[in-house]
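To start, the structure itself, in structure tokens.
Laid out in structure tokens, this is it:
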């Protein structure tokens, strides 16, 4: 294979600094809000109200309204926490790691992928707090001087998790905001509406595009990307420590950190595609989010999916080969136990179906990619369900075995966070530029300065 | 007539190469108090006006070191000094268990220093700036490039500087009122 076809362009030809700016900023500034937007936001908002109702009832009655009990004390809360935070990881991967690797195609998807990260982390962060039992005491998780003179136990992975996730949320927010500053200045200068001018102007903080500012800005942005890269890898590693440091069969393995990180990126890219495909269609952005973006994202999904498949393989192999009777039983329980249906579905969704991505025609077809991404998201959710529930329900002593059934409140909370996520996404699309305008300008041929 | 002090002379260009060329020539002609504005980062442009180094990396380094030290010190103080609890017969200063939080605090402090350090060095937020008085300057965030010679430059002369900037055939030249 020596003949390499030229890859599809990152931006379709014919655009200038002015038209790129107009096209992206007009979505926010001049395009009338469509009925579709109101419908989508309305539905997402209603589902968010459902979330608030479920949370309100939880505060009133306690975690007893959920299906969690001994032996399965973690249940949906932790399943959803890991699922959401994993989804967030693709945003940081796109904005930081691909920036360091000089993958300039990322410039048209990094902004909304970062927004996706923020909202996904917000959804993720709710679950451990709601799961606390007394959520109003969540600030006890942080070390602060108090009259009781008690402190968090820093030798516990659960406390590491608090630091990892809150650092991740903070850095993601800063990264997203710093990327927005020059575009907020563009919106300030382009808006006719006085109120919008003032709001965007305040948020842009007087950015005027001085080259001295740009030089410091670029340095800070690059350093932040360099810091976010080990951070994003550490966050899901620490999430996997929540399991791996414990002694429960199926959790106590060293394969967990890399396999969790790969799974996070896998599900995250699936979510990126599920958002990008409708967005490019409804907002007519096919010139900026091209087939190349779909193809590349699908390749990342395929690669990380294979790493995840390797993780499953090693888990099963070690269960069989390791000679530990509890690990061997866990494998048997996954394959033949009461939740075996979900294990087979997991294998189908995460390993089986995504293999069709080897076919190039499917990698560039928005319709099929959308469907496959949905399958992967379901599969990755099932993976966390299997890890959390099947390991806990039958551990060392047969006398302490049990079953786990989620209640309607579990479902309402989970679906509610999806609504919350989508509602935030709709608002973001309406009021902020969903594609980084200044980074798109740098991709244009006319931006090149010949020495 | 009331005398309005002039902040500087501003020339407008419509492509990055022209502004880089003009900026380099202006700097070489001995004007040191100059600045340029562009809608996206242009490395050659900051080099052209003689801006080679910035202190953001130093700020980030200091922030990261402080973050790491304070992260470890926090855990050491809590578990060794303030409230020692022996867990599983391990030493009180069980430092490997403290690495994760130390690492996260390093990243947190370094990242916060990067963003706020950059903003502080840039003097932002700055809601008012004289260059915004030029109506055409709104295009600096879209597709135009501006070069300004500040009136505080010792070589600044309203007439000669204007003539000098005109030699680059810019799209327009405006006087920036202070």
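Residue numbers (this note's numbering), protein chains in the order written: chain A, 99 to 549; chain B, 764 to 941. Note that beta-carbon positions come from the ideal geometry of N, C-alpha and C, so glycine has one too. Model, not experiment: these values are computed from the prediction.
Check your understanding: Taking the alpha helix (DSSP H) that residue 937 of chain B falls in, what are its first and last residues?
Key -> Residue 937 of chain B sits at position 174 when you count from the first residue of the second chain. Not the alpha helix (DSSP H): residue 937 of chain B falls in the beta strand (DSSP E), residues 935-940.
Check your understanding: Which residues, taken in chain order from the region 876-890 of chain B, show a beta carbon closer than 8 angstroms to some beta carbon of chain A?
Key -> 877, 878, 880, 881, 882, 884, 885, 887, 888, 889 and 890
**Study point:** Listed by chain order, chain A residues near residue 817 of chain B by CB distance under 7 angstroms
**Key:** For the purposes of this step, residue 817 of chain B is identified with residue 54 of the second chain, where counting begins at 1. Near residue 817 of chain B (Cβ distances below 7 angstroms), the residues of chain A are 313, 314 and 317.
Practice item. Report yes or no: do three or more beta-carbon pairs, one from the region 116-127 of chain A and one from the region 473-489 of chain A, lie closer than 8 angstroms? Key: no
Review point. Does the beta carbon of residue 861 of chain B sit closer than 8 angstroms to a beta carbon anywhere in chain A?
Key: Residue 861 of chain B sits at position 98 when you count from the first residue of the second chain. It does: the Cβ of residue 861 of chain B has a partner Cβ on chain A nearer than 8 angstroms.
Practice item. Using a cut-off of 9 angstroms between C-beta atoms, extract the partners of residue 901 of chain B located in chain A. Key: The sequence position of residue 901 of chain B within the second chain is 138, counting from 1. Chain A residues near residue 901 of chain B: 286, 287 and 288.
Check your understanding: Should the region 927-938 of chain B be called in touch with the region 128-145 of chain A, which here means at least 3 C-beta pairs below 8 angstroms?
Key -> no
Check your understanding: Can you tell me whether DSSP reads residue 792 of chain B as helix, strand or coil?
Key -> In the second chain, residue 792 of chain B corresponds to position 29, counting from 1. Coil.
Review point. Can you find a CB in chain A that lies within less than 8 angstroms of the CB of residue 764 of chain B?
Key: To locate residue 764 of chain B, count along the second chain from 1; it is residue 1. The predicted model places residue 764 of chain B with a pLDDT of 42, which falls under 50 and marks its position as unreliable; any figure quoted below should be read in that light. Closer than 8 angstroms: no.
Check your understanding: Cβ of residue 874 of chain B less than 8 angstroms from any chain A Cβ?
Key -> Counted from its first residue, the second chain places residue 874 of chain B at position 111. Yes, its Cβ sits closer than 8 angstroms to a Cβ of chain A.
Review point. For residue 775 of chain B, does the three-state DSSP call read helix, strand or coil?
Key: Here residue 775 of chain B refers to the residue found at position 12 of the second chain. Residue state, collapsed to three classes: strand.
Check your understanding: From residue 239 of chain A to residue 256 of chain A, what does the alpha carbon distance come to, in whole angstroms?
Key -> Here residue 239 of chain A is taken as the residue at index 141 of the first chain, counted from 1. Here residue 256 of chain A is taken as the residue at index 158 of the first chain, counted from 1. If I take the Cα positions, the gap works out to 9 angstroms.
Review point. When the Cα atoms are used, what is the spatial distance from residue 383 of chain A to residue 503 of chain A?
Key: As a first step, residue 383 of chain A is located in the first chain; it is residue number 285 there, counting from the start. As a first step, residue 503 of chain A is located in the first chain; it is residue number 405 there, counting from the start. Distance between the alpha carbons of residue 383 of chain A and residue 503 of chain A: 43 angstroms.
Point to revise | Rounded separation between residue 192 of chain A and residue 857 of chain B - CA only | key: Within the first chain, numbered from 1, the residue matching residue 192 of chain A stands at position 94. Within the second chain, numbered from 1, the residue matching residue 857 of chain B stands at position 94. Residue 192 of chain A and residue 857 of chain B: Cα-Cα distance of roughly 36 angstroms.
Point to revise | Integer-rounded CB distance, given that residue 819 of chain B should sit under 8 angstroms from residue 317 of chain A | key: On the first chain, residue 317 of chain A is found 219 positions in, with the first residue counted as 1. On the second chain, residue 819 of chain B is found 56 positions in, with the first residue counted as 1. That belief holds up - the Cβ atoms of residue 317 of chain A and residue 819 of chain B are roughly 4 angstroms apart, short of 8 angstroms.
Review point. Residue 336 of chain A touches chain B at which residues, Cβ-Cβ below 7 angstroms?
Key: Mapped onto the first chain, residue 336 of chain A falls at position 238. By Cβ distance, chain B contributes 863.
Practice item. Measure the C-alpha to C-alpha separation of residue 545 of chain A and residue 536 of chain A and round it to an integer number of angstroms. Key: Position 447 of the first chain, counting from 1, holds the residue named residue 545 of chain A. Position 438 of the first chain, counting from 1, holds the residue named residue 536 of chain A. The straight-line gap from Cα to Cα measures roughly 11 angstroms.
Practice item. Measure the alpha-carbon distance for residue 825 of chain B versus residue 869 of chain B and round it to whole angstroms. Key: As a working mapping, residue 825 of chain B is identified with position 62 in the second chain. As a working mapping, residue 869 of chain B is identified with position 106 in the second chain. Their backbone Cα atoms lie some 10 angstroms apart in a straight line.
**Study point:** Member of A/241, A/217 and A/154 whose CA lies at the smallest distance from the CA of residue 840 of chain B
**Key:** On the second chain, position 77 is the one that residue 840 of chain B refers to. When each option's Cα is compared against that of residue 840 of chain B, the closest is A/241.
Exercise for review: Please confirm if residue 206 of chain A has its CB atom under 8 angstroms from at least one CB of chain B.
Suggested key: Locating residue 206 of chain A in the first chain gives position 108, where the first residue counts as 1. With 8 angstroms as the cut-off, residue 206 of chain A does not count as an interface residue toward chain B.
Review point. Using the beta-carbon of each residue, which ones in chain B are nearer than 7 angstroms to residue 329 of chain A?
Key: As a position in the first chain, residue 329 of chain A is number 231, starting the count at 1. Simply 870.
Check your understanding: By the 10 Å Cβ neighbour count, where 16 or more other Cβ atoms means buried, how is residue 431 of chain A classified, buried or exposed?
Key -> In the first chain, counting from the first residue as 1, residue 431 of chain A sits at position 333. Buried, since its Cβ has 16 or more Cβ neighbours within 10 Å.
Practice item. Would you list the one or two residues that DSSP bridges to residue 913 of chain B? Key: Residue numbering aside, residue 913 of chain B sits at position 150 when the second chain is read from its first letter. DSSP lists B/771 as partners of residue 913 of chain B.
Point to revise | residue 941 of chain B burial status per 10 Å Cβ neighbour count (16 or more: buried) | key: Numbered from its first residue, the second chain carries residue 941 of chain B at position 178. Exposed: under 16 other Cβ atoms inside 10 Å.
Exercise for review: Answer with buried or exposed for residue 290 of chain A, where buried requires no fewer than 16 other C-beta atoms within 10 angstroms of its C-beta.
Suggested key: On the first chain, position 192 is the one that residue 290 of chain A refers to. It is exposed - the Cβ of residue 290 of chain A has fewer than 16 other Cβ atoms within 10 Å.
Practice item. Could you tell me how far apart the beta carbons of residue 539 of chain A and residue 803 of chain B are, in whole angstroms, since I believe they sit closer than 8 angstroms? Key: By 1-based counting over the first chain, the position of residue 539 of chain A is 441. By 1-based counting over the second chain, the position of residue 803 of chain B is 40. 4 angstroms between Cβ atoms; contact.
Practice item. Just the C-alpha distance for residue 370 of chain A and residue 335 of chain A, rounded to the nearest angstrom, thanks. Key: Residue 370 of chain A sits at position 272 when you count from the first residue of the first chain. Residue 335 of chain A sits at position 237 when you count from the first residue of the first chain. Using only the alpha carbons, I get a separation of about 21 angstroms.
Review point. Measuring CB to CB, does residue 805 of chain B end up less than 8 angstroms from residue 547 of chain A?
Key: Position 42 of the second chain, counted from the first residue, corresponds to residue 805 of chain B. Position 449 of the first chain, counted from the first residue, corresponds to residue 547 of chain A. Yes, the pair counts as a contact, with Cβ atoms nearer than the cut-off.
Point to revise | Interface flag, residue 128 of chain A vs chain B, CB-CB below 8 angstroms | key: Start at 1 with the first residue of the first chain, and residue 128 of chain A comes out as number 30. False, the Cβ-Cβ gap to chain B never drops below 8 angstroms.
Check your understanding: For the beta strand (DSSP E) that contains residue 800 of chain B, what are its first and last residues?
Key -> One-based indexing of the second chain puts residue 800 of chain B at position 37. Run containing residue 800 of chain B: 797-800, per the beta strand (DSSP E) assignment.
**Study point:** residue 894 of chain B - containing alpha helix (DSSP H), residue span
**Key:** Here residue 894 of chain B corresponds to residue number 131 of the second chain, with the count starting at 1. Residue 894 of chain B -> no alpha helix (DSSP H), and no H or E assigned at all.
Point to revise | Inter-residue Cα distance where the pair is residue 308 of chain A and residue 923 of chain B | key: The residue you call residue 308 of chain A lines up with position 210 of the first chain. The residue you call residue 923 of chain B lines up with position 160 of the second chain. Cα to Cα, residue 308 of chain A sits roughly 24 angstroms from residue 923 of chain B.
Point to revise | Spatial neighbours of residue 100 of chain A in its chain, beta-carbon cut-off 7 angstroms, leaving aside the 5 residues before and after | key: Position 2 of the first chain, counted from the start, is the residue given in the question as residue 100 of chain A. Only weak support exists for where residue 100 of chain A lies, its pLDDT of 49 falling under 50; the value from the coordinates is given anyway. Excluding sequence neighbours, residue 100 of chain A sits near nothing in its chain.
Review point. Assuming residue 323 of chain A contacts residue 194 of chain A under a Cβ cut-off of 8 angstroms, what Cβ separation, rounded to an integer in Å, is found between them?
Key: As a first step, residue 323 of chain A is located in the first chain; it is residue number 225 there, counting from the start. As a first step, residue 194 of chain A is located in the first chain; it is residue number 96 there, counting from the start. Correct: roughly 4 angstroms between the Cβ atoms.
Check your understanding: Whose CA, out of A/343, A/465, A/341 and A/473, lies closest to the CA of residue 400 of chain A?
Key -> Translated into the one-based positions of the first chain, residue 400 of chain A becomes position 302. Among A/343, A/465, A/341 and A/473, the Cα nearest to that of residue 400 of chain A is on A/473.
Exercise for review: Count the other C-beta atoms from every protein chain shown that fall within 10 angstroms of the C-beta of residue 312 of chain A, then say buried if there are 16 or more, exposed otherwise.
Suggested key: The residue labelled residue 312 of chain A in the question sits at position 214 within the first chain. Under this definition residue 312 of chain A is a buried residue.
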